[in-house]
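Asks: Take a look at this one; I'll ask things after.
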Amino acid sequence: MTRNKTWLTTCATAALLCSLNSAAHTTISPRQVTADSYQRLSFNVTHGCDASPTIEVILQLPEALMGAKPMPKAGWTVETELRDLAEPYLSHGKEIRRDVRVIRWRGKLPDAHYDEFVIMTKLWNKAGPVVIPVTQICESGRMDWREAPDGSGAKLHFPAPVLDIQPVQAPHKH
Ligand SMILES: [Cu+2]
């Protein structure tokens, strides 16, 4: 019951903050990238859970992100979890069967401050949107940024960061 109440309060707060600033969520930058390239991706935490400080940021990486490496952060620990891949791939001539699927930073970010959590990753060679769920755990409460747009244009309370992978441009022919 208490947990439900916290959820509702947090949700209302997120909605209010985001009506003031449409970027005020946990977001990704850049949002648009090119297939089959290496990319630095930043996950931007803009507020805590209803004023409670953030103590953990967890990324759930889809298979579109290959060989991801977190950038260490001063004052934060970082750990990765590997999982078996549905489709192994080749990297530098080696077959990769397991890959990083979860990245978890632990530290402390006050609600009044902003921070960025950075990874370097290769993107697969397929175009299209990729949803990257992020969980933000606070001293009190949590927020799961994992809602994907359903195409209806309905406002989401906890939208997941979405990476828009663009096709590799064919070389110009004159
Ligand atoms: Cu927000």
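The sequence shown begins at 4 in my numbering and counts up one residue at a time.
Glycine included, C-beta positions come from ideal geometry on N, C-alpha and C.
Can you tell me where the beta strand (DSSP E) holding residue 71 begins and where it ends?
Replies: As a first step, residue 71 must be located in the sequence shown, where it is residue number 68. Here the beta strand (DSSP E) through residue 71 covers 68-73.
Asks: Residue range of the beta strand (DSSP E) that residue 41 falls in?
Replies: Working through the sequence shown from its first residue, we reach residue 41 at position 38. Segment 41-48, the beta strand (DSSP E) holding residue 41.
Asks: Helix, strand or coil for residue 92? Go by DSSP, reduced to three states.
Replies: Residue mapping note: residue 92 aligns to position 89 of the sequence shown, counting from 1. Strand, per DSSP.
Asks: Can you grab the Cα-Cα spacing for the pair residue 71 / residue 57, in whole Å?
Replies: Working through the sequence shown from its first residue, we reach residue 71 at position 68. Working through the sequence shown from its first residue, we reach residue 57 at position 54. So the alpha carbons of these two residues sit roughly 23 Å apart.
Asks: Once you ignore the five residues that flank residue 119 on each side, which residues in its own chain have a CB closer than 6 Å to its CB?
Replies: Residue numbering aside, residue 119 sits at position 116 when the sequence shown is read from its first letter. Contacts found: 45 and 47.
Asks: Relative to the C-alpha of residue 54, which candidate in 93, 40, 175 and 112 has its C-alpha closest?
Replies: In the sequence shown, residue 54 corresponds to position 51, counting from 1. Among 93, 40, 175 and 112, the Cα nearest to that of residue 54 belongs to 112.
Asks: If we require 3 or more residues per run, which beta strand (DSSP E) segments fall completely within the region 106-144?
Replies: If we require 3 residues or more, the beta strand (DSSP E) runs fully inside the region 106-144 come out as 118-126, 131-134 and 137-141.
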